[in-house]
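Presented below is the structure to which this report refers.
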Amino acid sequence: MAESIKDKVAVVGMGCVKFGENWEKSASDMMVEAAYEAFEDAGIESKDIQAAWFGSTQISTGEPLSAALKFNYIPVTRVENLCATGAEAFRNACFAVASGAYDVVMALGCEKLKDTGRGGLGGGGGEEEGGARGSNLAVPGGELPSLFPEWPTDTWHTMV
Amino acid sequence: MAGIVSYGAYVPLRRLGQGTQGWRLPSEKAVAYYDEDSLTMAVAAAIDCLGDIDRQTVDGLYFASTTSPYKEKLAATTTASAADLRNDILTMDCTDSLRAGMSALRIAVDTVKAGSAKRLLVTVSDCRLGSPRSEEDQTFGDGAAAFLIGDDNVAATIEGSYSVSNELLDLWRSDNSKVVHTWEDRWVYEEGYFKVLPPAVAEFLKRNGLTTKDITKAIFYGPNARRHAEMGKMLGFQPTQVQDPLFSKIGNTGAAFTSMMLVAALEEAKPGDKILCATYGNGADILLFKVTDAITKIKNKRGIKWNLAHKMIFPSYDAYFGFHHQAADVEGGGGPSASAIAREAEAIYPFHGSKCRVCGTIQYPPQRVCTKCQSKDQMDPYRLSDKKAKIFTRVLDYAAPVPGYDAPSVDLLVDWEGGGRALMSLTDKAPVSPVMKDADKAVPIGMELEMTFRKLRGGGGIHHYYWKCMPLRESWKTPEETTGRPAREGQSQR
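So, in structure tokens, the structure goes:
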């Protein structure tokens, strides 16, 4: 019989970088800032983290997190689920603790949306050509956030 | 008295010459590689010029060239950044004419004399193209020179100058053309070069109470060996007075020509020598230098002679056109992110890593957290561009999309002397055969390297610059015997 993970996992620390264009902060800078704020909040050190889940749609491996924080020999899983990426990283980190596999893990999300030279949610980074990401989504109306107001409403059911 | 405090130069490694398949001339010319251009060569010359001089003492950089990578963006700022100069400095590009270098030199001296700067760097570089296989292309060479101008410890003072302006379409390149155009050959020389330069030199000498006999070395622009020799006679100099133009070793390096010959002259100059520099291009700029005792203190410069001696004969004339003539237009395709470059500018241009104040560990790219002691935000900037390195390990990628003549692509993990380890690319390596057997010989573990400022693949209208590693330039030695019998695969011995 499946068990819920309710009441098995606790958030013991939190950190967050001020949202913004953050021109002068790289992805690594922001990871360090958020992670260390969380460590301090939890009263732990970087070396106490046993595994990490890294949510990002642009960065495609866990290595940049490991490199920025100088983790030693712990698994870092990169997680992506478009706009649900953050929730996905958090959820999987919870499963790790709930399963009894780890005692202390970290979920961290990071995105640098403003290096494309354009406004909006264009392809991540200046290197990708426009439309390279998400072009399989044949969704009318352009970028995803513009669709969110529509999804909870009845109009969604009438769209094919 | 203001003048030249230090000098430097850069002659590209690769030469077209005896041993180059398809090259039928007895002469050699120096050619910039596909990852080089006027800007990268200017950086090399600037760093040669600066040597151990404290870079914080330089108050400006004037960049001179007819082949600047941008039409609206300073090359001087990029060059100054790569040379790790301060921000509160004068930066200016001097362009559009073969005499841009001497104009920049003259203005730099005036800037120092006026008290607007104590020390100024002037770089002159060119990478001009003629139509493939044309006489222009066969005589054009690539290279750069740099001078530190100041009023303290001056090795060559400026004794006088003179300029004439001449509006003429003898030689030109419009903003849409990659190659230089000329009018009818005889007209170009009769109405241009031979009509304008000699009277200008004569007038200069007259105004300064000098005759040709007072000049130790005469340096003057010339498009090729024949015309240059004719001009020497016309100006009234003895062959022994004329500075070797090196057409058969480097070629006509455009705006950089007179500056590179000036470096060559300074390398051999003695205190008291008077060196005349006369450039030509829409008029003429003439400068007279007098060498002082301080010249003997300028040592260990690569300059012209040393760079000439350390070379590689490039195996194919056809493949050479791939370097620049057929280079992809940077306007196409996706390119680098300007905001990401700006944020990482210190790591990209002056090539600063970070040094931990707590344990001394050096890291590149710069880090906030120390990999050794885990201290956070205890870092000082640490320049790595002037440090030698050794290969810790390397990968020879035969499938990477690099031009055939550059394959295999070699990625390195290097250890810098003094500390620091990072992933870098290798350029200017000896040709590696298509079979992997000689990888150990061509790119051995532990091979000594130096840093070099180069160009990556651009795009989105952006020229993308970054540092690479290369085998020590000194490891390229010319065979003691004359050419005609290449040492190995058409190249110099290593």
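Sequence order for the protein chains is C and F.
With the numbering used here, the residue at position 137 of the first sequence is 137, and numbering never jumps.
With the numbering used here, the residue at position 110 of the second sequence is 1110, and numbering never jumps.
Backbone N, C-alpha and C fix where the C-beta goes; we use that ideal spot for every residue, glycine too.
In this structure, the beta-carbon distance from Leu1013(F) to Asp1318(F) does not fall below 8 Å. Thr1371(F) has a beta carbon lying within less than 8 Å of a beta carbon in chain C. Among the residues of chain F, those whose CB is under 7 Å from the CB of Leu69(C) are Val1369, following chain order. Taking Ser1097(F) as the centre and dropping the five residues before and after it, the same chain places the C-beta of Gly1281 and Asn1282 closer than 6 Å to its C-beta, in chain order. Taking C-beta separations shorter than 8 Å and ignoring five residues to either side along the sequence, the partners of Lys1118(F) in its chain run Thr1057, Asp1059, Val1112, Gly1150, Asp1151 and Asp1152, following chain order. As computed with DSSP, Thr1040(F) is found in no beta bridge at all.
It is roughly 30 Å from the alpha-carbon of Gln1367(F) to the alpha-carbon of Pro1401(F). Counting C-beta pairs closer than 8 Å gives fewer than three between the segment 1069-1076 of chain F and the segment 1245-1262 of chain F, which falls short of the contact rule. Between the segment 1448-1460 of chain F and the segment 1030-1050 of chain F there are three or more C-beta pairs closer than 8 Å, enough to call the two in contact. With contacts defined as CB atoms closer than 8 Å, Arg1207(F) and Tyr1162(F) qualify as a contacting pair. Chain-ordered listing is empty here: chain C has no CB closer than 7 Å to the CB of Arg1457(F), the nearest sitting near 11 Å. A contact between stretches requires three or more CB pairs, one per stretch, nearer than 8 Å, and the segment 1369-1378 of chain F fails this requirement with the segment 1342-1349 of chain F.
Interface with chain C (8 Å Cβ-Cβ cutoff): Gln1374(F) is included. Counting of Cβ neighbours within 10 angstroms places Ala89(C) among the buried residues, the total reaching 16 or more. Interface with chain F (8 Å Cβ-Cβ cutoff): Thr116(C) is included. Against chain C, the CB of Glu1072(F) has no partner CB under 8 Å away; the residue lies outside that interface. DSSP, read as helix, strand or coil, puts Ile1149(F) in strand.
Put simply, the CB of Val17(C) is far from chain F, with every gap to its CB atoms at 8 Å or more.
By the CB criterion at 8 Å, Thr1212(F) and Leu1205(F) fall inside the cutoff. Note that the C-beta distance between Ala1045(F) and Tyr1070(F) is not below 8 Å. Contact annotation: Leu65(C) and Met30(C) have beta-carbon atoms that are not nearer than 8 Å.
DSSP places Phe95(C) within a helical segment (H, G or I) once states are collapsed to three. The beta carbons of Ile1158(F) and Ala1002(F) sit closer together than 8 Å. Ser46(C) reaches chain F at Gln1374, counting residues in chain order whose Cβ is nearer than 7 Å. For Leu1168(F), the CB contacts under 6 Å within the same chain, skipping 5 residues up- and downstream, are Gly1192 in chain order. Around the beta carbon of Leu1129(F), 16 or more other beta carbons lie within 10 angstroms, which makes this residue buried. Between Glu1448(F) and chain C, the shortest Cβ-Cβ separation is not below 8 Å. In this structure the segment 1014-1029 of chain F touches the segment 1307-1318 of chain F; the number of beta carbon pairs closer than 8 Å is three or more.
Contact of Ser56(C) with chain F is not assigned, every C-beta pair being separated by 8 Å or more.
Judged by their CB atoms, Ala93(C) and Trp53(C) are nearer to each other than the 8 Å cut-off. By the criterion of a C-beta distance shorter than 7 Å, Tyr1382(F) is surrounded in its chain by His1352, Gly1353, Ser1354, Lys1355 and Ile1362, once the five residues flanking it on both sides are discounted. For Arg1343(F), the enclosing alpha helix (DSSP H) covers residues Ala1338 to Arg1343. Not one beta carbon of chain F lies nearer than 8 Å to the beta carbon of Trp53(C). Just measuring C-alpha positions, the residue of Val1414(F), Leu1308(F) and Ser1433(F) sitting nearest Glu1474(F) is Leu1308(F). Within chain C, the residues Ser26 have their CB atoms less than 8 Å from the CB of Glu1344(F), given in chain order.
Residue burial annotation: Trp23(C) is exposed, with fewer than 16 other C-beta atoms found within 10 angstroms of its C-beta.
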